[in-house]
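Asks: My numbering puts the first residue of the sequence shown at 150, with every later residue one more than the last.
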Amino acid sequence: MKIGVLGTGTVGAAVATKLVEIGHEVRMGARDSGNEKARRWTSGAGRGASQGTFADAASFGDIVFNCTLGTASLDALRAAGAENLRGKVLVDVSNPLDFSKGMPPVLSTLQGDSQGESIQRAFPEVRVVKTLNTVNAQVMGHPERTGGDSDLFLCGNDAEAKSRIRKLLAEMGWKSVIDLGDIRGSRGMEAYLLLWLTLWGALGTADFNVRIIRAGDGLVSASRPALG
Ligand SMILES: NC(=O)c1ccc[n+]([C@@H]2O[C@H](COP(=O)([O-])OP(=O)(O)OC[C@H]3O[C@@H](n4cnc5c(N)ncnc54)[C@H](OP(=O)(O)O)[C@@H]3O)[C@@H](O)[C@H]2O)c1
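1) For my contact list, Gly236 and Glu274 are in at a C-beta cut-off of 8 Å; report their separation, rounded to the angstrom.
2) Are the CB atoms of Ala204 and Asn233 nearer to each other than 8 Å?
3) Under 7 Å from any heavy atom of ligand 1, does the C-beta of Asp224 make it?
4) Mind the definition here: the segment 247–258 touches the segment 159–178 only if three or more C-beta pairs lie below 8 Å; say whether that holds.
5) Comparing the CB of Val278 with every heavy atom of ligand 1, is any distance shorter than 7 Å?
6) Apart from the five residues just before and just after Ser372, which ones in its own chain have a Cβ nearer than 6 Å to its Cβ?
7) Using 8 Å as the Cβ pair cut-off and three pairs as the minimum, do the segment 288–302 and the segment 159–167 touch?
8) Given that a residue counts as buried once 16 or more other Cβ atoms are within 10 Å of its Cβ, and exposed if not, what is Gly377?
9) Can we say the segment 177–184 touches the segment 200–215, given the rule of at least three CB pairs closer than 8 Å?
10) How far does the alpha helix (DSSP H) with Lys311 in it extend, from its first residue to its last?
11) Measure how close the beta-carbons of Val238 and Ile212 come, nearest whole angstrom, since I'm counting them as under 8 Å.
12) Please confirm whether Gly156 and Thr220 have their CB atoms less than 8 Å apart.
13) Let me know if Glu266 comes out buried or exposed under the rule of 16 or more other beta-carbons within 10 Å of its beta-carbon.
14) Between which two residues does the beta strand (DSSP E) harbouring Met214 extend?
15) Let me check you understand the geometry: is the CB of Gly330 closer than 7 Å to at least one non-hydrogen atom of ligand 1?
16) Which residue marks the beginning of the alpha helix (DSSP H) containing Asp181, and which one marks its end?
17) Could you check whether Val278 and Ala319 sit closer than 8 Å to each other, using their CB atoms as the reference points?
18) Is any heavy atom of ligand 1 found at a distance shorter than 7 Å from the C-beta of Cys304?
19) As a quick exercise: from Ile268, Asn282, Arg196, Ser192, pick the residue whose alpha carbon is nearest that of Gly337.
20) Contact defined as beta carbons within less than 8 Å: I believe Leu329 pairs with Phe302. What is the distance between those atoms, to the nearest angstrom?
21) Taking the alpha-carbon positions, what's the Trp345 to Arg294 distance?
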């Protein structure tokens, strides 16, 4: 599959590297076609890797990942061009974190809204699927780094788009992906970052994730001694 990755940071590089490793053709996009980080990634990632502008990457991909700075994602997507994104699945990995007043950051979105929804509203002909934003960049393509099975979340308005991304996530190593429903699920997925950041500080590592357990899953009873 041809995949566009918008973003040259740690997330863009981690996602793009994994996608090339599992056999996809990936074009990394930046504001400038000669972006140095994209150049380094392209020369290191080998066959299947290429680079260009945001618009080049968006027009190249059958699926496009948004791995740009959360507070600049709408600008980056406008640069990618609605015409290059029309009808495509856009995987939104971004988090709307505002660090302008220092740590801890605040969400830059308004209450009752989210980045995923803003992107879907701004690009109504794009099928936005929010996922991967709740784990560290290095964990995205290597879920085993957390030391055991854990859960990823996904949401979006288009069932077929979610099903395609679920398959891609399985190729990337994710065994459990919980569908949170329509794109409004982004609100909780993005707000979770406030907890993620404090957990990061408390645990001293970014190699962690959550695992959801429910009554009936057998996980709780299996770890408890039998009564009597
Ligand atoms: N770091 C993590 O582990 C992690 C985990 C989960 C989610 N996320 C989210 O993933 C996204 C990417 O994170 P990151 O740490 O890899 O990189 P980042 O530094 O947040 O973003 C880098 C990308 O944003 C673009 N960008 C920056 N300012 C821009 C502007 N004014 N207009 C247009 N584009 C602009 C850059 O373009 P150029 O290439 O042209 O410089 C670059 O491609 C963020 O939204 C972050 O919250 C991060």
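No residue lacks a Cβ here, since even glycine has one placed at the ideal position from N, Cα and C.
Replies: From the atom records:
1) Start at 1 with the first residue of the sequence shown, and residue 236 comes out as number 87. Start at 1 with the first residue of the sequence shown, and residue 274 comes out as number 125. Contact flag correct, Cβ pair sits at about 6 Å.
2) Along the sequence shown, one-based indexing puts residue 204 at 55. Along the sequence shown, one-based indexing puts residue 233 at 84. Judged by beta-carbon spacing, Asn233 lies within the 8 Å limit of Ala204, meaning their Cβ atoms are closer than that value.
3) For the purposes of this step, residue 224 is taken as residue 75 along the sequence shown, with counting starting at 1. For ligand 1, at least one heavy atom lies less than 7 Å from the Cβ of Asp224.
4) no
5) As a first step, residue 278 is located in the sequence shown; it is residue number 129 there, counting from the start. No - ligand 1 has no heavy atom lying nearer than 7 Å to the Cβ of Val278.
6) Within the sequence shown, numbered from 1, the residue matching residue 372 stands at position 223. Any answer about Ser372 is weak, because its pLDDT of 43 lies below 50 and its placement is not dependable; what the coordinates show is given next. No residues qualify anywhere along the chain.
7) yes
8) One-based indexing of the sequence shown puts residue 377 at position 228. At Gly377 the pLDDT is 32, less than 50, meaning the model places this residue with poor confidence; the figure from the coordinates comes in the next sentence. Exposed, since its Cβ has fewer than 16 Cβ neighbours within 10 Å.
9) yes
10) For the purposes of this step, residue 311 is taken as residue 162 along the sequence shown, with counting starting at 1. Taken as a continuous stretch (DSSP letters only), the alpha helix (DSSP H) holding Lys311 covers 308–320.
11) Numbered from 1 along the sequence shown, position 89 holds the residue referred to as residue 238. Numbered from 1 along the sequence shown, position 63 holds the residue referred to as residue 212. That belief holds up - the Cβ atoms of Val238 and Ile212 are roughly 5 Å apart, short of 8 Å.
12) One-based indexing of the sequence shown puts residue 156 at position 7. One-based indexing of the sequence shown puts residue 220 at position 71. In this structure, Thr220 does not lie closer than 8 Å to Gly156 by Cβ.
13) Counted from its first residue, the sequence shown places residue 266 at position 117. So Glu266 ends up on the buried side.
14) Locating residue 214 in the sequence shown gives position 65, where the first residue counts as 1. According to the sequence as given, residue 214 is Phe; it is not Met. Start and end: 212–215.
15) Along the sequence shown, one-based indexing puts residue 330 at 181. No, Cβ of Gly330 sits at least 7 Å from all heavy atoms of ligand 1.
16) For the purposes of this step, residue 181 is identified with residue 32 of the sequence shown, where counting begins at 1. Run containing Asp181: none; DSSP gives neither H nor E here.
17) As a first step, residue 319 is located in the sequence shown; it is residue number 170 there, counting from the start. As a first step, residue 278 is located in the sequence shown; it is residue number 129 there, counting from the start. Not in contact: Ala319 and Val278 (Cβ atoms no closer than 8 Å).
18) If you number the sequence shown from 1, residue 304 lands on position 155. No; taking the cut-off as 7 Å, the Cβ of Cys304 has no heavy atom of ligand 1 nearer than that.
19) Here residue 337 is taken as the residue at index 188 of the sequence shown, counted from 1. Looking at the Cα atoms, Asn282 is the closest of the given residues.
20) Residue numbering aside, residue 329 sits at position 180 when the sequence shown is read from its first letter. Residue numbering aside, residue 302 sits at position 153 when the sequence shown is read from its first letter. Yes, they are in contact, since the Cβ atoms of Leu329 and Phe302 sit about 5 Å apart, within 8 Å.
21) As a first step, residue 345 must be located in the sequence shown, where it is residue number 196. As a first step, residue 294 must be located in the sequence shown, where it is residue number 145. In a straight line, the C-alpha of Trp345 is about 16 Å away from that of Arg294.
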